[in-house]
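Worksheet: the structure to be examined is printed underneath.
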Amino acid sequence: MSHADLTLVVPAYNERDNVRPFLDELSRALAGRDERIEVLFVDDGGSDGTWDEVVAVARSWDDGRVVVRGMSFSRNFGKEAAMLAGLEAARGDCLCIIDADLQQPPAVALEMYDLLLASPEYECVAACQRERRQGGPVGALSSAFYRLLGSASGMEVLQDASDFRVFRRCVADAIVSLPEYHRFSKGLFAWVGFRTLPFPYVPEERRAGKSAWGLRGLVSYAWEGIVSFSTAPLHAVLAFGIVCAVLALAMLLVTVVKRVALGVDTPGYATIVTLILFFGGAQLVAIGLVGEYVARTYVQSKRRPVYLVRDSVSSETSDDEPEGGETR
Ligand code: UDP
Ligand code: MG
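Per the numbering used here, the sequence shown starts with residue 923, numbered consecutively.
Here's what the structure looks like:
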């Protein structure tokens, strides 16, 4: 099969125990259908034997409707890199990004695929969580973040959308053509535009293993999103600096007038110390913020690949594709 109707791009980081269940669920969901499906596992340099499992499954695969392919990174490059690698290697007319942990059931992916085929005016169907998995403060913060990202970047960012999407090849080509090193896929999808249909769904519980995201990871992910897609923080710091300068000028005028016209001395040791500390802090924050953007420019200017491939496998051929060397 040199091409497929639908490619499922499955980023997998330490998901050994989910590989077979994922394919089993897919096979069940495919009962009575005749699409040609390609499943592309991208092993993101895990350490639990996910790659051995993918290779074993691909080599013994005998379901003609589905081709199982896999590629393995030389180390952990992150889910964004895994998604990019998958989109670049996929051969389907339509593509789907789906997690390996079965929180996003393959049956739902096929429903979204059917909806996309039935809606020629749309190029993308994006799953949106009907009920957030995380309630409480994390959920509220997450919603606030997407509103902030939308308004700071001037893009239409779908609320509660995950990376779980089915889209046509034109969307994948657009995403792949964006050369940035720091990738934030929700922002990239919003940036390339195309008409996107929200698809409400309720995520399942993770099947095996544990989530790779802690609070720290989520905070740095959110920061990445803001800094990659918006220069609004720089404008905010600039505006703050201007307001402070105007206030300082006004205070200076008041002090001079009081001294010259009224002869009043203004004692203010404590005030001066407080102001110095405050503005010292504000300046460091501003420099640090500028530094975040400069650092990104620096990293981007090195033009390093987003990922490195160590090995790849396909259920179609007995001898696997050449090892290593593939980069982006
Ligand atoms: N993942 C990855 N690289 C990473 C972390 C995660 O490819 O560095 C994959 C992971 O295997 C899973 C998907 O990204 O298929 C979502 O990760 P996870 O389930 O940990 O996130 P959550 O569902 O908790 O948001
Ligand atoms: Mg998950």
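Every residue gets a Cβ at the ideal spot worked out from N, C-alpha and C, and that includes glycine.
Notebook entry, point to check: How big is the Cα-Cα spacing for aspartate 1241 and serine 1234?
Noted result: No answer about aspartate 1241 holds up, because its pLDDT of 48 lies below 50 and its placement is not dependable.
Notebook entry, point to check: Does the segment 1056-1065 come close enough to the segment 972-980 to have 3 or more Cβ pairs within less than 8 angstroms?
Noted result: Flag = no, the segment 1056-1065 and the segment 972-980 do not touch.
Notebook entry, point to check: For isoleucine 959, which of helix, strand or coil comes out of DSSP?
Noted result: Strand, per DSSP.
Note to self: Please enumerate, following chain order, all residues with a beta carbon closer than 7 angstroms to at least one heavy atom belonging to the ligand UDP.
What the structure shows: Output, sorted by chain position: Val932, Pro933, Ala934, Tyr935, Asn936, Glu937, Val964, Asp966, Asn998, Gly1000, Lys1001, Ala1004, Asp1021, Ala1022, Asp1023, Gln1025, Arg1128, Ser1133, Ala1134 and Trp1135.
Notebook entry, point to check: Is valine 1149 closer than 8 angstroms to glutamate 1043 when the C-beta atoms are compared?
Noted result: no
Notebook entry, point to check: Since glycine 967 and phenylalanine 944 are thought to touch, with beta carbons under 8 angstroms apart, how far apart are those beta carbons, to the nearest angstrom?
Noted result: The Cβ separation is near 19 angstroms, so there is no contact.
Check: How big is the Cα-Cα spacing for serine 1084 and alanine 934?
Finding: 16 angstroms
Check: Enumerated in chain order, which unbroken segments of the alpha helix (DSSP H) with a length of 4 residues or greater are wholly contained in the segment 1017-1053?
Finding: Here the runs fully enclosed are 1028-1040.
Checklist line | Residues near aspartate 974 by beta carbon distance below 6 angstroms, same chain, minus five either side | finding: none
Next item on the list: Assuming asparagine 940 and leucine 1024 form a contact by the criterion Cβ under 8 angstroms, report the distance between their Cβ atoms to the nearest whole angstrom.
Entry: Confirmed, about 6 angstroms.
Checklist line | Buried or exposed by the 16-neighbour rule on C-beta atoms within 10 Å, applied to lysine 1224 | finding: exposed
Notebook entry, point to check: With 16 as the cutoff for other CB atoms within 10 Å, does valine 1178 come out buried or exposed?
Noted result: exposed
Checklist line | Whole-number beta carbon distance between leucine 1017 and phenylalanine 1089, since they are thought to touch under 8 angstroms | finding: 6 angstroms
Next item on the list: Over the uninterrupted alpha helix (DSSP H) stretch that includes valine 1186, give me the two end residues.
Entry: No alpha helix (DSSP H) holds valine 1186; DSSP gives it neither H nor E.
Next item on the list: Report the rounded CA-to-CA distance for alanine 1012 versus cysteine 1050, giving the unit in angstroms.
Entry: 24 angstroms
Check: leucine 1006 by DSSP, collapsed to three states: which one?
Finding: helix
Next item on the list: Please list, in chain order, all residues of the same chain as aspartate 985 whose beta carbon is under 7 angstroms from its beta carbon, the five residues on each side excluded.
Entry: Ser949
Item checked: Buried versus exposed call for glutamate 1245 [16 or more other C-beta atoms within 10 Å across all chains shown] -> Bear in mind that the predicted position of glutamate 1245 carries a pLDDT of just 49, short of 50, making it unreliable; the figure below should be weighed with that in mind. Result: exposed.
Check: Taking C-beta to C-beta, are alanine 1208 and glycine 1147 nearer than 8 angstroms?
Finding: no
Check: For tyrosine 1220, which option in His1104, Tyr1191 and Arg1232 has the closest C-alpha, if you only look at C-alpha atoms?
Finding: His1104
Next item on the list: Give me the Cα-Cα distance between arginine 1226 and alanine 1158, rounded to the nearest whole angstrom.
Entry: 31 angstroms
Notebook entry, point to check: How many Å lie between lysine 1001 and valine 1176 at the Cα?
Noted result: 57 angstroms
Item checked: Residues near glutamine 1222 in its chain [Cβ-Cβ closer than 8 angstroms; skip 5 each side] -> The answer, listed in chain order, is Glu1102, Tyr1103 and His1104.
Checklist line | The beta strand (DSSP E) enclosing glycine 992, as first and last residue numbers | finding: 988-995
Note to self: Let me check one thing: in DSSP terms, what residues is proline 1122 bridge-paired to?
What the structure shows: Cys1050
Notebook entry, point to check: Does the beta-carbon distance from leucine 1211 to leucine 1160 come in below 8 angstroms?
Noted result: no
Next item on the list: Return yes when the Cβ of phenylalanine 1121 is within less than 8 angstroms of the Cβ of valine 1047, no when it is not.
Entry: yes
Notebook entry, point to check: For alanine 1094 versus leucine 1009, is the C-beta spacing smaller than 8 angstroms?
Noted result: Taking a C-beta distance under 8 angstroms as the contact criterion, alanine 1094 and leucine 1009 qualify as a contact pair.
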